[in-house]
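Working notes for the structure below.
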Amino acid sequence: MKNIIVLAVFLWFNITLAQEVTGNFETTVSTSYSYQYTLHKPKGKDKKPLIIFLHGSGEKGHDIELVKVHGPFKYLKTHELDAYVLAPQCPKEAYWEPESLYRLIQNIIKENKNIDESRIYLTGLSMGAWGAWNLAFAHPESFAALVPIAGFVDRVPMIENCKISKIPTRIFHGLVDDVVDVRYSIEIYKKLKNCNEDIELTIFDDANHDSWTRVYDDPEIYNWMLAQQKN
């Protein structure tokens, strides 16, 4: 009987201590971002479009020449583009972050008064395509065209897909990509197809992860981008 009494007292003591509280918590967390970048400036003083290129993980670091290995800057070595072309470089220890990229773009526009803000195009490969998806969803009002190549797609864009319904979009991926599964591009395409009237998905059946070389080496993708304009 003595043991039963002790147990009863112990249970009563714990019950009386149990409670539920509500509260508020507020804090500020700030992070600094630093990007090197290279900017191609076209000839002439009239209004010119801007192409933004986000590189993949292999070009991270502090050697700005790496951003010219693939994409529009590689194309510019042998071709002309009547457009500004901006290629930031992601630091080695970082990943693309939408708000810092947006501020960089706004600064470039501010410093180059003849950039046509109705003709700003966003493209990227692999990690850069992932960054392009996230930046487009963060600021859909900013872009006249979107070209992601071989990119992973986060859950939020998958859920909020129609947020970029007004951005003409061309998606490219390799069928046998063993780095980023082609299913990401297929899935986001299916979701966007329900609300975006100007969207296409191209799957190269013989391409692994590098499905970007044939896209960026072809004048057709630049001709298409430069023909797009926000209403």
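Numbering-wise, the sequence shown is residues -18 to -1, 1 to 213 according to mature numbering (1 follows the signal peptide of the UniProt record, and there is no 0). Where a beta carbon is used, it is the ideal one built from N, C-alpha and C, also for glycine.
Separation of residue j from residue i, as counted between CA atoms
i           : j           : result
residue 85  : residue 45  : 22 Å
residue 160 : residue 134 : 12 Å
residue 7   : residue 116 : 28 Å
residue 154 : residue 5   : 48 Å
residue 191 : residue 16  : 28 Å
residue 49  : residue 55  : 7 Å
residue 105 : residue 196 : 14 Å
residue 130 : residue 18  : 22 Å
residue 119 : residue 145 : 7 Å
residue 102 : residue 200 : 20 Å
residue 121 : residue 158 : 31 Å
residue 79  : residue 92  : 20 Å
residue 147 : residue -1  : 51 Å
residue 82  : residue 12  : 12 Å
residue 163 : residue 169 : 11 Å
residue 217 : residue 53  : Since the first residue of the chain shown is -18 and the last is 213, residue 217 is not available in this structure.
residue 193 : residue 185 : 9 Å
residue -18 : residue 2   : Note that residue -18 has pLDDT 47, beneath the 50 cutoff, so the model's placement of it is unreliable and the number below is only indicative. Looking at the two C-alpha atoms, the distance is approximately 34 Å.
residue 167 : residue 177 : 16 Å
residue 98  : residue 173 : 30 Å
Rounded Cβ spacing between residue i and residue j (contact assumed at less than 8 Å)
i           : j           : result
residue 127 : residue 111 : Actually they do not touch by this definition, with Cβ atoms about 14 Å apart.
residue 64  : residue 30  : 7 Å
residue 69  : residue 20  : 5 Å
residue 71  : residue 150 : Rounded, the Cβ-Cβ distance is 27 Å, inconsistent with contact.
Burial state of residue i, where buried means 16 or more other Cβ atoms lie within 10 Å
i           : result
residue 37  : buried
residue 32  : buried
residue 26  : exposed
residue 14  : exposed
residue 89  : exposed
residue 67  : buried
residue 213 : exposed
residue 139 : buried
residue 141 : exposed
residue 100 : exposed
residue 152 : buried
residue 143 : buried
Paired residues, beta bridge with residue i - DSSP
i           : result
residue 233 : It is not possible to answer for residue 233, since the shown part of the chain is limited to -18 through 213.
residue 182 : 152
residue 146 : DSSP, once it has assigned bridges, lists no residue as partnering residue 146.
residue 69  : 20
residue 30  : 97
The stretch 178 to 188 in contact with the stretch 41 to 57 per 3-pair CB rule at 8 Å: Contact between the stretch 178 to 188 and the stretch 41 to 57 is absent, because fewer than three Cβ pairs lie under 8 Å.
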